[in-house]
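Numbering follows my numbering, in which position 142 of the sequence shown is assigned residue number 219; successive positions increment by one, without gaps. Backbone N, C-alpha and C define an ideal beta-carbon position, used for all residues, glycine too. This report concerns only the one structure given below.
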Amino acid sequence: MAEIIARLAREDAGMPDPTTLLPDQAREVAELANRRWNRDLPDMRQIDDVVFDSPEGHVIPARLFTPENAGPGIILFIHGGGFSLCSIETHERAARLLAGEAKCATLSISYRLAPEHPYPAGLNDCIAVFRQIEKERHAYAWTNGPLAIAGDSSGANLALGLILHEQAEKRPSPDFAMLFYGVYGTDFQTRSYLDHENGPGLTRAKMMRYLDWYAPKKVRDDPLVAPLNASDEALSTLPPLYLNAAEIDPLFTDTERLAARLRALGREDRVRVFDGVVHGFMQMTSCLSAACEATTEAATAFRKFARKNQADLTTEVS
Numbered sequence: 078m079a080e081i082i083a084r085l086a087r088e089d090a091g092m093p094d095p096t097t098l099l100p101d102q103a104r105e106v107a108e109l110a111n112r113r114w115n116r117d118l119p120d121m122r123q124i125d126d127v128v129f130d131s132p133e134g135h136v137i138p139a140r141l142f143t144p145e146n147a148g149p150g151i152i153l154f155i156h157g158g159g160f161s162l163c164s165i166e167t168h169e170r171a172a173r174l175l176a177g178e179a180k181c182a183t184l185s186i187s188y189r190l191a192p193e194h195p196y197p198a199g200l201n202d203c204i205a206v207f208r209q210i211e212k213e214r215h216a217y218a219w220t221n222g223p224l225a226i227a228g229d230s231s232g233a234n235l236a237l238g239l240i241l242h243e244q245a246e247k248r249p250s251p252d253f254a255m256l257f258y259g260v261y262g263t264d265f266q267t268r269s270y271l272d273h274e275n276g277p278g279l280t281r282a283k284m285m286r287y288l289d290w291y292a293p294k295k296v297r298d299d300p301l302v303a304p305l306n307a308s309d310e311a312l313s314t315l316p317p318l319y320l321n322a323a324e325i326d327p328l329f330t331d332t333e334r335l336a337a338r339l340r341a342l343g344r345e346d347r348v349r350v351f352d353g354v355v356h357g358f359m360q361m362t363s364c365l366s367a368a369c370e371a372t373t374e375a376a377t378a379f380r381k382f383a384r385k386n387q388a389d390l391t392t393e394v395s
């Protein structure tokens, strides 16, 4: 990791902080910076660009990655980027690798971004796609398989927000979730925010500006913005989760606090801390073994759940 941090310092020297730019300029910087992680893309059996209809009248682009060894089920993948940056392309290697390791079709979606589209626009797009997939799950290859959700950073926030929203509405929600170094609170005075205020990589100031773009202060107590504010009842009824955290990350305490809440409720969710790595490390699978390990571990947790799910279905049928 130290070598990669040094490499990033060299390559990004003189590059502006994207959160100090206009949104379009910030996205250009993010797209350029993430190209280095999206080389030597894992092969897929099939890649389909698709669109979903939003109840608000626009379309939501998505890309479906189907690996050669795909079994039943589907994973909805929500990319990170501070609610305002990044895309299907910036996270393509991550989505492909997860699909291959999980042996499961993986749908990466392009939700609306802040600040042009603040909360709840991006979350609403994720919900709209999820509902259409859930409604049509028995018409496609994911019949009788789990409908899982995954996300990194702000994508983990949106994934967890989606689950909380659908459960509150008494609607079907994802069967399993993989949440990577997520944003779960709006407290910028946590130990990890102070310990890693200046990075490397994500900084406290950047995260504060991302949240300013995404969520006005009047909505920051909403559990759909800050899932740590969810009730014990809401957290206790979440589907099985796989959580991970990066040790050198301003967001580390968010995962630590969420994990503590879940344990106090008697849940046994898998929680893994990856030592010595920075926020966003799972983007680095082309050059960082810990990133590959994290992806494989999450995929293994999903496959274990899928096998149990299939066994339960078989028992019900018989």
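Whole-number beta carbon distance between residue j and residue i, since they are thought to touch under 8 Å
i, j, result
"tyrosine 261", "proline 304", "5 Å"
"isoleucine 137", "tyrosine 196", "So it is not a contact: roughly 16 Å between Cβ atoms."
"glycine 259", "aspartate 331", "6 Å"
"histidine 356", "aspartate 326", "4 Å"
"isoleucine 81", "methionine 361", "6 Å"
"threonine 167", "asparagine 234", "Rounded, the Cβ-Cβ distance is 17 Å, inconsistent with contact."
"isoleucine 210", "leucine 241", "In fact, because the Cβ distance is near 18 Å, the residues do not count as touching under 8 Å."
"glutamate 169", "leucine 118", "6 Å"
"phenylalanine 253", "phenylalanine 379", "6 Å"
Residue i - containing beta strand (DSSP E), residue span
i, result
"leucine 224", "224-229"
"valine 350", "347-355"
"leucine 320", "318-325"
Beta-bridge partners of residue i, as assigned by DSSP
i, result
"threonine 183", "Phe142, Ile152"
"glutamine 123", "Thr143"
"valine 260", "According to DSSP, valine 260 bridges with nothing at all."
"isoleucine 137", "Phe129"
From the options, residue whose alpha carbon lies closest to that of residue i
i, options, result
"arginine 113", "Ala171, Asn234, Ala378", "Ala171"
"threonine 314", "Thr267, Pro293, Arg248", "Arg248"
"aspartate 120", "Glu145, Arg140, Thr97, Glu108", "Glu145"
"serine 131", "Ala205, Met92, Lys283", "Ala205"
"serine 366", "Gly353, Pro251, Thr97", "Gly353"
"tyrosine 287", "Ala323, Leu301, Thr263, Asn306", "Thr263"
"glycine 199", "Ile155, Ala182, Asn221, Asp229", "Ile155"
"isoleucine 152", "Lys294, Gly222, Gln244", "Gly222"
"arginine 87", "Phe382, Gly278, Asn386", "Gly278"
"asparagine 201", "Ala307, His215, Glu213, Ile186", "Ile186"
"methionine 78", "Ala378, Cys364, Ala376", "Cys364"
"asparagine 321", "Arg334, Pro300, Arg116", "Arg334"
"glutamate 213", "Lys294, Phe129, Asp289", "Phe129"
"leucine 190", "Gly276, Phe142, Gly232, Met255", "Gly232"
"methionine 255", "Ala107, Ala179, Arg338, Lys295", "Ala179"
"phenylalanine 329", "Ser230, Ala311, Gln244", "Ser230"
"glutamate 243", "Arg281, Ala311, Arg297", "Ala311"
"serine 161", "Asp125, Ser250, Ala107", "Ala107"
Where the alpha helix (DSSP H) through residue i begins and ends
i, result
"glutamine 102", "100-111"
"phenylalanine 329", "329-341"
"lysine 283", "281-291"
"serine 313", "309-313"
"glutamine 209", "198-213"
"glutamate 88", "79-88"
"aspartate 252", "Taken as a continuous stretch (DSSP letters only), aspartate 252 belongs to no alpha helix (DSSP H), as it is neither H nor E."
"aspartate 272", "268-272"
Short CB-CB distance (under 8 Å) between residue i and chain D
i, result
"leucine 328", "Reference to chain D is not applicable here, since this structure consists of a single protein chain."
Any 3 or more C-beta pairs closer than 8 Å across the segment 338-351 and the segment 88-106
Verdict: no, contact absent.
Is the segment 160-177 close to the segment 370-379, with three or more CB pairs under 8 Å?
A contact exists between the segment 160-177 and the segment 370-379.
On the three-pair Cβ rule with 8 Å, is the segment 134-149 touching the segment 266-273?
no
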